[in-house]
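Okay, so here's the structure we're looking at.
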Amino acid sequence: MKKQEADRIITEYTKKLFGFALSKTGNISQAEELASLIILEVYTTLLNRENIANINGYIYRISQNVYARFIDEAKRSMHLSLDEVTIPAENDFADDIIQGETYRLLRSEITYLSRTQREIVVLHYYDKLKLDEISKRLSIPLGTVKWHLYEAKNSLKERLNCMRTKGNLGVKPIEFCSMGHSGSPGSMGDTSDFLKKRLTQNIAYAAYHEAKTINEIAEELGVSPLFIEDEVAVLEEYGFMDKVSGGKFLTNILIIESTKEICEQEHVLNNKYAKIVCEKYVPLLFETMRDYKEKEIYIPDNDFNYLMWSVITYAIGYKLVRHVDYDSFSIKRKDGGDYIAIADMEMDFKVSFDWFLYGACGDMTRVSEKYPMNAWQLDTYYDSRSGGWRDSLTSDYEFLYEFITGALKKEECQIEKFQRLYKKGYLLNNINKDEVNVVIIKDGGKNWMTNNKLANILPAVTDELIEIGKEFDDEMYRLKKVMFPAHMQKLCKARTNNCLSSNSVRTRVLEQLLASGMLKQPTEKQKHGLNTIMFCDTLPIQ
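Now the structure itself:
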């Protein structure tokens, strides 16, 4: 069975399997353990089977088998008395779940209590502990235990009189088609690593437009709070959710939830202003770089066209900008990450243009602590690289620097470095001669991002272009602000500043320059090092 179908079945049966486990054990902690064992067994089996005629009965048999093994193990470890064990005859799985519905509803509603109330109820009514024993075990005053128990019973009475229903996400869950970051990821990755599970994505989305408690999120998703609590705790711990007043949580991720109309209008705006950049700024770049040979720049094969691919995208990204303070929006995370989390909703519509032409990853900057060397790179549709920011390593450029300076030799202990450079295409072997395949600019300065040799010779932005950029920003904000809730409006405003320097404009500038003939398509070997610049104190011999 395909993974997607197995995932769907597991999602559908998770709550039923937990109810099955709870009905057998009568203990929440044991039910969680049993349910997880059943889910694992079911999922593993589904992935290895095709054409299951009666999925309901099939899952029931697996559940019974796992339960039987669970009982045997419990007997051996003396954790469960055999007097309490009953294994019913096989019947319809749904019927087994429905039996004793009121009792099961009560146990289900217990999961919606606060963690402390839930623990007290379970210890008192299921584990048969006296209130003073619970007080000692939980290290809280006896009066507090009595108060929590009183509140819990009142809450359960109210809940049993109400019909609990699934929210929209329980019926039609969302999915993010892409997740990323603006800033520096940490040791545990970025948004896509923390929200790789669809459950986590739906938890985040449930509390995005308005703050919600864990119980409210659980109701929206149609699952037990037990499956929500730990997920929310991690999201809060790493800055993807904020805990606000009333015990509620608010998602701190820029979720882009566009419409066909907005996408089409945004495409028109980006094309319009990319054309202006092509007309009013790009010609200045060509004029400035004509005498590149006098500027201590290494270009593979002395191909001026190859140089301009990098110079144009670099210049637009770093010269057509006005200062915006993103520090107030970037989250410093526990794993060392410092970034704005971003996610795009899966779209259920088609647009009139090809998204892939305008996708980009960057700017990716890599700063060496070993050598006087730094690098810049932008991934676009036109290069042949894969792996994105995860495969853009500082060590790649350090290996290349070692080659340029003669420190990297074809000795057994350094072969892996050569293999990595060949794989990336930064080093090409041409008739037994290795050649550097990226643009290198001689610059030994440490403050290279804002004060390197290339940045200093690039033409300044005219006042006219600055005003045009402001008009563009205003238009883009008016278009996009309707997509975001109140707590994301300031970030939306900040991210619609400097639209002229955005990846959306840069990729369209490349498209338009190719169409006009100002740029030529890169060769296959050039695609490896396209839109890449390395700054260092030594140039390769050419």
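When you read off a place in the sequence shown, starting at 1, and then add 57, the result is the number in the working numbering. The C-beta atom is built at its ideal place from N, Cα and C for all residues, glycine as well. Since the structure is predicted, the reported quantities are computational estimates derived from the model, not experimental observations.
Checklist entry - What does His238 pair with, by DSSP beta-bridge criteria? => result As a working note, residue 238 is residue 181 in the sequence shown. According to DSSP, which records beta bridges pairwise, His238 is partnered with Ala398.
Next on the checklist: Do Tyr70 and Ile116 count as a contact pair if the criterion is CB distance below 8 angstroms?
Outcome noted: Counting from one through the sequence shown, the residue named residue 116 turns up at place 59. Counting from one through the sequence shown, the residue named residue 70 turns up at place 13. Against a cut-off of 8 angstroms, the Cβ pair of Tyr70 and Ile116 comes out as a contact.
Checklist entry - What three-state label does DSSP hand Glu353 in the structure shown? => result In the sequence shown, the residue the question calls residue 353 occupies position 296. In the structure shown, Glu353 sits in coil (DSSP, three-state: anything other than H, G, I, E or B).
Checklist entry - Sorted by chain position, which residues of the same chain lie with C-beta nearer than 8 angstroms to Ser409's C-beta, five sequence neighbours on each side aside? => result Taking the first residue of the sequence shown as 1, we reach residue 409 at position 352. Excluding the 5 residues flanking it on each side, Ser409 has same chain C-beta neighbours closer than 8 angstroms at Glu321, His324, in chain order.
Checklist entry - Mind checking His380: buried by the 16 CB within 10 Å criterion, or exposed? => result Residue numbering aside, residue 380 sits at position 323 when the sequence shown is read from its first letter. Counting Cβ neighbours within 10 Å, His380 comes out exposed, since fewer than 16 surround it.
Checklist entry - Of the residues Glu532, Ile497, Asn588, Thr553, which one's Cα is nearest the Cα of Asp420? => result Taking the first residue of the sequence shown as 1, we reach residue 420 at position 363. Per the C-alpha coordinates, the member of Glu532, Ile497, Asn588, Thr553 positioned closest to Asp420 is Asn588.
Next on the checklist: Less than 8 angstroms between C-beta atoms, sequence neighbours within five positions excluded: which residues of the same chain meet that for Leu67?
Outcome noted: Along the sequence shown, one-based indexing puts residue 67 at 10. For clarity, residue 67 is Ile in the given sequence; the question names Leu instead. Hits under 8 angstroms: Ile96, Val99, Tyr100, Leu103.
Next on the checklist: Restricting to Cα atoms, I'd like to know which of Phe456, Asn487, Ile319, Glu344 is closest to Phe601.
Outcome noted: The shown model of the chain, from 58 to 599, leaves out residue 601, and the question about it has no answer.
Checklist entry - Per the contact definition of three or more C-beta pairs closer than 8 angstroms, is the region 356 to 364 in contact with the region 576 to 595? => result For the pair of segments examined, the region 576 to 595 was found to touch the region 356 to 364: the number of CB pairs separated by less than 8 angstroms reaches three.
Next on the checklist: Does Thr82 pass the burial test, meaning 16 or more other C-beta atoms within 10 Å, or should it be called exposed?
Outcome noted: Position 25 of the sequence shown, counting from 1, holds the residue named residue 82. Counting C-beta atoms within 10 angstroms of its own C-beta, Thr82 has 16 or more neighbours from the protein chains shown and is therefore classed as buried.
Checklist entry - Helix or strand or just coil, what does DSSP make of Phe475? => result As a working mapping, residue 475 is identified with position 418 in the sequence shown. Judged by DSSP in its simplified three-state form, Phe475 adopts helix.
Checklist entry - Starting from Gly311 and walking both ways along the beta strand (DSSP E), at which residues does that stretch end? => result For the purposes of this step, residue 311 is taken as the residue at position 254 of the sequence shown. Rather than Gly, the amino acid found at residue 311 in this sequence is Leu. 311 to 313 is the span of the beta strand (DSSP E), which, as asked, contains Leu311.
Item to check | Assigned exposure category for Leu311 - 16 Cβ within 10 Å defines buried | outcome: Residue mapping note: residue 311 aligns to position 254 of the sequence shown, counting from 1. Buried, because 16 or more other Cβ atoms sit within 10 Å of the Cβ of Leu311.
Checklist entry - Relative to the alpha-carbon of Met591, which residue among Arg565, Arg563, Asp500 has its alpha-carbon at the smallest distance? => result Within the sequence shown, numbered from 1, the residue matching residue 591 stands at position 534. In terms of Cα proximity to Met591, the closest of Arg565, Arg563, Asp500 is Asp500.
Checklist entry - Do you know how far the Cα of Ser443 is from the Cα of Gln434? => result Stepping through the sequence shown from its first residue, residue 434 is reached at position 377. Stepping through the sequence shown from its first residue, residue 443 is reached at position 386. Taking the straight line from one Cα to the other gives about 13 angstroms.
Checklist entry - Out of Arg126, Pro542, Lys60, Glu344, which has the shortest C-alpha to C-alpha gap to Glu90? => result Walking along the sequence shown from the start, residue 90 turns up at place 33. Distances from the alpha-carbon of Glu90 to those of Arg126, Pro542, Lys60, Glu344 put Arg126 closest.
Checklist entry - How would you call Arg106, buried or exposed, if buried means at least 16 neighbouring beta carbons within 10 angstroms? => result Looking up residue 106 in the sequence shown gives position 49. Classified as exposed, Arg106 has fewer than 16 neighbouring CB atoms from the shown chains inside 10 Å of its CB.
Checklist entry - How would you call Gly304, buried or exposed, if buried means at least 16 neighbouring beta carbons within 10 angstroms? => result Translated into the one-based positions of the sequence shown, residue 304 becomes position 247. That one is exposed.
Checklist entry - Alpha carbon to alpha carbon, what distance is there between Arg477 and Val280? => result The residue given as residue 280 occupies position 223 in the sequence shown. The residue given as residue 477 occupies position 420 in the sequence shown. Counting only the Cα atoms, Arg477 lies some 47 angstroms from Val280.
Checklist entry - Which whole-angstrom value is the C-beta distance of Phe386 and Ile397, which I expect to be below 8 angstroms? => result In the sequence shown, counting from the first residue as 1, residue 386 sits at position 329. In the sequence shown, counting from the first residue as 1, residue 397 sits at position 340. Correct: roughly 5 angstroms between the Cβ atoms.
Checklist entry - Where do the ends of the beta strand (DSSP E) carrying Thr589 lie? => result What you label residue 589 is simply residue 532 of the sequence shown in a count that begins at 1. DSSP places Thr589 in the uninterrupted beta strand (DSSP E) bounded by 589 to 593.
Next on the checklist: Nearest by alpha-carbon distance to Phe77: which of Tyr124, Cys335, Ala263, Leu465 is it?
Outcome noted: As a first step, residue 77 must be located in the sequence shown, where it is residue number 20. When only C-alpha atoms are compared, the closest one is Tyr124.
Next on the checklist: Need the endpoints of the beta strand (DSSP E) that Met298 sits in, please.
Outcome noted: Here residue 298 refers to the residue found at position 241 when the sequence shown is read from its first residue. For Met298, the uninterrupted beta strand (DSSP E) segment begins and ends at 298 to 301.
Checklist entry - Excluding sequence positions up to five away, which residues of its chain have a Cβ less than 6 angstroms from the Cβ of Asp530? => result What you label residue 530 is simply residue 473 of the sequence shown in a count that begins at 1. These residues qualify, in order along the chain: Thr553, Asn554, Cys556.
Checklist entry - In the region 69 to 136, which residue ranges form an unbroken alpha helix (DSSP H) of at least 4 residues, counting only runs that do not cross its ends? => result For secondary structure counted as the alpha helix (DSSP H) over 4 or more consecutive residues, the region 69 to 136 holds these complete runs in sequence order: 85 to 104, 112 to 134.
Item to check | Residue(s) in a DSSP beta bridge with Thr437 | outcome: Locating residue 437 in the sequence shown gives position 380, where the first residue counts as 1. Looking at the DSSP assignment, Thr437 forms a beta bridge with Ala417.
Item to check | Nonlocal neighbours in the same chain, by C-beta distance under 6 angstroms from Val230, ignoring five residues either side | outcome: Sequence index remark: in the sequence shown, residue 230 carries index 173 (1-based). The question names Val, but residue 230 is Pro in the sequence shown. So the list reads Asn259, once near-sequence residues are dropped.
Checklist entry - Hey, is the region 281 to 292 in contact with the region 371 to 379, meaning 3+ C-beta pairs nearer than 8 angstroms? => result Touching, no.
Checklist entry - Using the rule of at least 16 other Cβ atoms within 10 Å of the residue's Cβ for burial, across every protein chain shown, is Ser558 buried or exposed? => result Working through the sequence shown from its first residue, we reach residue 558 at position 501. It is buried - the Cβ of Ser558 has at least 16 other Cβ atoms within 10 Å.
Checklist entry - Between the Cα of Gly586 and the Cα atoms of Thr437, Ile598, Asn122, which residue gives the shortest distance? => result The count along the sequence shown starts at 1 and reaches residue 586 at position 529. Taking each of Thr437, Ile598, Asn122 in turn and checking the Cα distance to Gly586, the smallest one comes out for Thr437.
Checklist entry - Taking one C-beta from the region 450 to 461 and one from the region 478 to 491 each time, how about it: are there three or more such pairs within less than 8 angstroms? => result The answer is yes - the region 478 to 491 touches the region 450 to 461, with three or more Cβ pairs under 8 angstroms.
Item to check | Local Cβ density within 10 Å of Ile177, reported as buried at 16 or more and exposed below that | outcome: For this step, residue 177 is matched to residue 120 along the sequence shown. By the neighbour-count criterion, in which a residue is buried when 16 or more other Cβ atoms sit within 10 angstroms of its Cβ, Ile177 is buried.
Next on the checklist: Is the separation between the beta-carbon of Tyr338 and that of Leu522 shorter than 8 angstroms?
Outcome noted: In the sequence shown, the residue the question calls residue 338 occupies position 281. In the sequence shown, the residue the question calls residue 522 occupies position 465. Yes.
Item to check | Buried versus exposed call for Gly157 [16 or more other C-beta atoms within 10 Å across all chains shown] | outcome: Within the sequence shown, the letter at position 100 stands for residue 157. Any reading at Gly157 is ruled out, since the residue's pLDDT is 48, under 50, leaving its predicted position unreliable.
Checklist entry - How big is the Cα-Cα spacing for Lys352 and Leu515? => result Looking up residue 352 in the sequence shown gives position 295. Looking up residue 515 in the sequence shown gives position 458. Between Lys352 and Leu515, the C-alpha separation is close to 12 angstroms.
Checklist entry - Who are the Cβ neighbours of Val301 in its own chain at under 7 angstroms, not counting the five residues just before and after it? => result As a working mapping, residue 301 is identified with position 244 in the sequence shown. Closer than 7 angstroms at the Cβ level, and outside the excluded window around Val301, lie Ala268, Leu307.
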